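Trainee: In terms of this note's numbering, the sequence shown is residues 7 to 393. My structure is below; once you've seen it, I'll send some questions.
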Amino acid sequence: MILEANKKESPSYINVRPFDSIKELREAVRCNDVSHPQSKYPRGGTTELSLLERKVANMFDLNSEGVMVFSFGMSAVVAAIENASLTKDAVIMHGTNEYSNNKKYIGKTLTKRGIIAVEAESYSIDYLQELIEKTKPQVIFLETVANGQNIPVLDLERFFEIPSLKKLNPLIILDNTLAAGLISPQEILKEGFRVIGVESGLKFYTRHRGSFGFAYTKDLTVANEIKEYRKQTGMVPDLYQTNLISERLIGRFDLDRRNQKIFKNAMTLATISAEAEREGALFSIAYPNLKSHQNFEFASKKFPGGAAPLFFIKPRGNKNQFDVAEHLLKNPIVNEACVIIESFGYDFTAIWPNADLNFVRISAGTEEEINVKELGYAIRDSLRTIQ
Numbered sequence: 007m008i009l010e011a012n013k014k015e016s017p018s019y020i021n022v023r024p025f026d027s028i029k030e031l032r033e034a035v036r037c038n039d040v041s042h043p044q045s046k047y048p049r050g051g052t053t054e055l056s057l058l059e060r061k062v063a064n065m066f067d068l069n070s071e072g073v074m075v076f077s078f079g080m081s082a083v084v085a086a087i088e089n090a091s092l093t094k095d096a097v098i099m100h101g102t103n104e105y106s107n108n109k110k111y112i113g114k115t116l117t118k119r120g121i122i123a124v125e126a127e128s129y130s131i132d133y134l135q136e137l138i139e140k141t142k143p144q145v146i147f148l149e150t151v152a153n154g155q156n157i158p159v160l161d162l163e164r165f166f167e168i169p170s171l172k173k174l175n176p177l178i179i180l181d182n183t184l185a186a187g188l189i190s191p192q193e194i195l196k197e198g199f200r201v202i203g204v205e206s207g208l209k210f211y212t213r214h215r216g217s218f219g220f221a222y223t224k225d226l227t228v229a230n231e232i233k234e235y236r237k238q239t240g241m242v243p244d245l246y247q248t249n250l251i252s253e254r255l256i257g258r259f260d261l262d263r264r265n266q267k268i269f270k271n272a273m274t275l276a277t278i279s280a281e282a283e284r285e286g287a288l289f290s291i292a293y294p295n296l297k298s299h300q301n302f303e304f305a306s307k308k309f310p311g312g313a314a315p316l317f318f319i320k321p322r323g324n325k326n327q328f329d330v331a332e333h334l335l336k337n338p339i340v341n342e343a344c345v346i347i348e349s350f351g352y353d354f355t356a357i358w359p360n361a362d363l364n365f366v367r368i369s370a371g372t373e374e375e376i377n378v379k380e381l382g383y384a385i386r387d388s389l390r391t392i393q
C-alpha cells in the first residue's frame with residue numbers, strides 16, 4: 007500500500023519528474039541533448055523551461071534555441087561574462103555608471119583573478135572608441151540605459167560603427183534591463199558581432215510576481231555553452247518557479263503599453279522636479295530627457311516618450327540620501343503616493359535612498375497623468391525647501 011501510494015504521488019508539487027517505466031526513461035535519456043532537455047532533474051533543464059524560453063523568444067521574434075532563462079537577472083549576467091573564460095591580465099570594459107551589483111561583480115569579484123576591469127563612460131561614443139583602441143578588451147559589458155546615478159544612454163547604432171570592434175571582435179554583453187520594451191533585442195543582436203543580451207525579468211516581464219532573468223544570442227554554440235554552465239552552477243529556475251514565471255509572463259503588447267506609461271510618467275516626474283534645481287541647490291537631478299543631461303539631444307530624439315523608467319536625486323553638501331528621502335516623505339502627497347521600496351517597474355511610484363551610493367531613486371508607476379503631475383509638483387516643492 008505504501009509503495010502504491012508513493013507511485014501515484016502527483017508531480018504537480020514536486021520538482022523531479024517520476025517515470026512510469028524504464029522504457030519511458032530510456033526514451034528521455036535518448037533525447038537528452040542541450041537543445042531539447044527532458045524533464046528529469048530540474049537543474050539540467052526541463053521541458054517546461056524550454057517552453058518558457060520559447061514564449062520569451064516569441065515575444066521578440068527570436069530563435070528560442072538562443073534564449074536562456076535563469077533564476078535571476080544577475081545569474082544571466084554572470085553566465086554571459088563567464089562564457090568568455092577570462093584569465094589573468096584579460097581586459098573587461100564596463101560602465102562607470104551601472105547597476106551596483108554589476109559593478110561589484112566585475113570590479114571586485116573578477117579582479118581577484120587578475121582580470122583587468124576598465125571603467126568606461128558610455129555617454130560618448132568617441133570616448134568609447136579611444137578607450138577600446140587603447141585597452142583592447144576581450145569583453146565589453148555595457149547597459150543600454152544604465153541603472154547608475156547619471157543614467158547614460160548608449161547610442162547603439164553609433165556604438166556598432168566603432169571601427170575597432172570589427173578588428174578586435176570582443177564579446178559584447180549588453181544589459182537591457184532598464185530599457186525593456188524601449189530597445190528591442192533585435193537592435194541589440196547586431197549582425198557581424200559577437201553579442202549577448204541580458205535582462206532581468208522580475209521588473210517588467212512578471213511585474214514583480216516571479217523572479218527570473220534571461221539572456222539571448224544568435225550564436226547557438228555560445229547559447230549551448232551557457233546552458234551547460236547554467237546546469238553546472240544551478241542557475242536554472244526549478245520546476246515550480248518555471249511554471250510560475252510562465253503563468254505570470256506578460257505579453258509583448260501589454261509590456262509595450264505598460265512601459266510606455268511608466269517611462270512617460272518618469273519623464274514627467276523628473277521634468278517637474280527639476281524645476282526646483284537652481285544654483286547652490288543641495289541636490290541635482292539626473293534624467294536623460296532633461297536639458298542638463300549629457301545625452302539630452304540623442305535621448306530626446308530617439309526616445310521622446312522618456313528614455314528611462316526612473317530618475318535620480320543626488321544630494322550635495324552636507325545632505326545625504328536618507329536626509330533627502332526623509333524630507334520628501336514629510337510632504338503628505340509624496341508620503342501617500344510613494345512606497346519606500348527597492349527596485350522599479352511597479353504600478354506605484356517607488357522611492358529608494360540607496361545605502362551604498364549617495365542618491366535617492368524615484369521609480370515611476372502606472373498612475374494616471376493628473377496624479378503623476380500632482381506628485382511631481384509635491385516633490386518639486388519639497389526639494390525647494392531643502393536647506
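C-beta atoms are modelled at their ideal positions from N, C-alpha and C, and glycine is treated no differently. Please read all numbers here as calculations on a predicted model, not as lab measurements.
Thinking C-alpha only, which one of A85, Y105 and T391 is nearest E348?
Mentor: Translated into the one-based positions of the sequence shown, residue 348 becomes position 342. Taking only the C-alpha atoms, the option nearest E348 is Y105.
Trainee: Please report the straight-line C-alpha distance between L203 and Y222, rounded to a whole angstrom.
Mentor: Looking up residue 203 in the sequence shown gives position 197. Looking up residue 222 in the sequence shown gives position 216. What sits at residue 203 in the sequence shown is Gly, not Leu. Answer to the nearest angstrom: the Cα atoms are 5 angstroms apart.
Trainee: Expressed to the nearest angstrom, what Euclidean distance is found between the alpha-carbon atoms of S27 and E33?
Mentor: As a working mapping, residue 27 is identified with position 21 in the sequence shown. As a working mapping, residue 33 is identified with position 27 in the sequence shown. Rounded to the nearest angstrom, the two C-alpha atoms are 10 angstroms apart.
Trainee: Look up G101 in the DSSP assignment and give the residues it is bridged to.
Mentor: Locating residue 101 in the sequence shown gives position 95, where the first residue counts as 1. G101 pairs with A126.
Trainee: Is the stretch 368-384 close to the stretch 268-275, with three or more CB pairs under 8 angstroms?
Mentor: Because the criterion of three Cβ pairs below 8 angstroms is met, the stretch 368-384 and the stretch 268-275 touch.
Trainee: From the DSSP output, which residues share a beta bridge with P294?
Mentor: Here residue 294 corresponds to residue number 288 of the sequence shown, with the count starting at 1. Answer is none; P294 lacks a bridge partner.
Trainee: Can you tell me the Cα-Cα spacing of R119 and R49, whole angstroms?
Mentor: Residue numbering aside, residue 119 sits at position 113 when the sequence shown is read from its first letter. Residue numbering aside, residue 49 sits at position 43 when the sequence shown is read from its first letter. Going from the Cα of R119 to the Cα of R49 covers about 27 angstroms.
Trainee: What are the start and end residues of the beta strand (DSSP E) that includes F165?
Mentor: Indexing the sequence shown from 1 puts residue 165 at position 159. Here F165 belongs to no beta strand (DSSP E); instead the alpha helix (DSSP H) covers L162 to F165.
Trainee: List the residues that DSSP assigns as beta-bridge partners of V321.
Mentor: By 1-based counting over the sequence shown, the position of residue 321 is 315. Before going on, a small fix: residue 321 reads as Pro here, not Val. In DSSP, P321 forms a bridge with F289.
Trainee: Out of F302, N64, L195 and A287, which has the shortest C-alpha to C-alpha gap to S130?
Mentor: As a position in the sequence shown, residue 130 is number 124, starting the count at 1. Selected option, being the one with the closest Cα: F302.
Trainee: Just mark F405 as buried or exposed, buried being the case when its beta carbon has 16 or more other beta carbons within 10 Å.
Mentor: This structure cannot settle anything about residue 405, because the visible part of the chain is limited to 7 through 393.
Trainee: Sort out for me which residues DSSP pairs D181 with in a bridge.
Mentor: Position 175 of the sequence shown holds residue 181. For D181, which the question treats as bridged, DSSP gives the partners E149 and V204.
Trainee: Any Cβ of chain D within less than 7 angstroms of the Cβ of L160?
Mentor: Included in the structure is just one protein chain, with no chain D present.
Trainee: Which stretch, first to last residue, makes up the beta strand (DSSP E) that contains S390?
Mentor: Residue mapping note: residue 390 aligns to position 384 of the sequence shown, counting from 1. Reading the sequence as shown, one finds Arg at residue 390 and not Ser. No beta strand (DSSP E) contains R390, which is instead part of the alpha helix (DSSP H) from E375 to R390.
Trainee: Report the option in T93, L58, L363 and L261 whose CA atom is closest to the CA atom of F328.
Mentor: Residue 328 sits at position 322 when you count from the first residue of the sequence shown. F328 has its Cα closest to that of L363, out of T93, L58, L363 and L261.
Trainee: Answer yes or no: do L148 and S128 have a C-beta to C-beta separation smaller than 7 angstroms?
Mentor: Indexing the sequence shown from 1 puts residue 148 at position 142. Indexing the sequence shown from 1 puts residue 128 at position 122. In this structure, S128 lies closer than 7 angstroms to L148 by Cβ.
Trainee: Pick helix, strand or coil for S279, following the three-state DSSP scheme.
Mentor: Counting from 1 along the sequence shown, the entry for residue 279 is found at position 273. Three-state DSSP puts S279 in a helix.
Trainee: Leaving out five residues before and five after L381 in sequence, what residues of the same chain have Cβ atoms less than 8 angstroms from its Cβ?
Mentor: Residue mapping note: residue 381 aligns to position 375 of the sequence shown, counting from 1. Correct list, in chain order: L275, I339, V340, A343, C344, T355 and E373.
Trainee: Flag this pair as yes or no: are the beta carbons of L296 and A280 separated by less than 7 angstroms?
Mentor: For the purposes of this step, residue 296 is taken as residue 290 along the sequence shown, with counting starting at 1. For the purposes of this step, residue 280 is taken as residue 274 along the sequence shown, with counting starting at 1. Cβ distance < 7 angstroms, so L296 and A280 count as in contact.
Trainee: Taking the continuous alpha helix (DSSP H) assigned at T355, which residues delimit it?
Mentor: On the sequence shown, position 349 is the one that residue 355 refers to. Run containing T355: none in the alpha helix (DSSP H); it sits in the beta strand (DSSP E), T355 to P359.
Trainee: Could you tell me which residues DSSP puts in a beta bridge with F220?
Mentor: Against the sequence shown, residue 220 aligns to sequence position 214. DSSP, once it has assigned bridges, lists V75 and E205 as partnering F220.
Trainee: Taking C-alpha atoms, which residue in E139, H333, A292 and A85 lies nearest to D387?
Mentor: Looking up residue 387 in the sequence shown gives position 381. When each option's Cα is compared against that of D387, the closest is H333.
Trainee: Tell me whether V242 sits in a helix, a strand or coil according to DSSP, three-state version.
Mentor: Residue mapping note: residue 242 aligns to position 236 of the sequence shown, counting from 1. Three-state result, V242: coil.
Trainee: Measuring alpha carbon to alpha carbon, tell me which of K172, W358 and I122 ends up nearest F318.
Mentor: Taking the first residue of the sequence shown as 1, we reach residue 318 at position 312. Comparing Cα positions, the closest option is W358.
Trainee: What is the residue span of the beta strand (DSSP E) that R367 lies within?
Mentor: For the purposes of this step, residue 367 is identified with residue 361 of the sequence shown, where counting begins at 1. R367 -> beta strand (DSSP E) spans V366 to S369.
Trainee: By Cβ distance, which residues of its chain are closer than 7 angstroms to Q155, with the 5 residues on each side in sequence left out?
Mentor: Position 149 of the sequence shown, counting from 1, holds the residue named residue 155. Excluding sequence neighbours, Q155 sits near N103, A292, F318, K320, L363 and F365.
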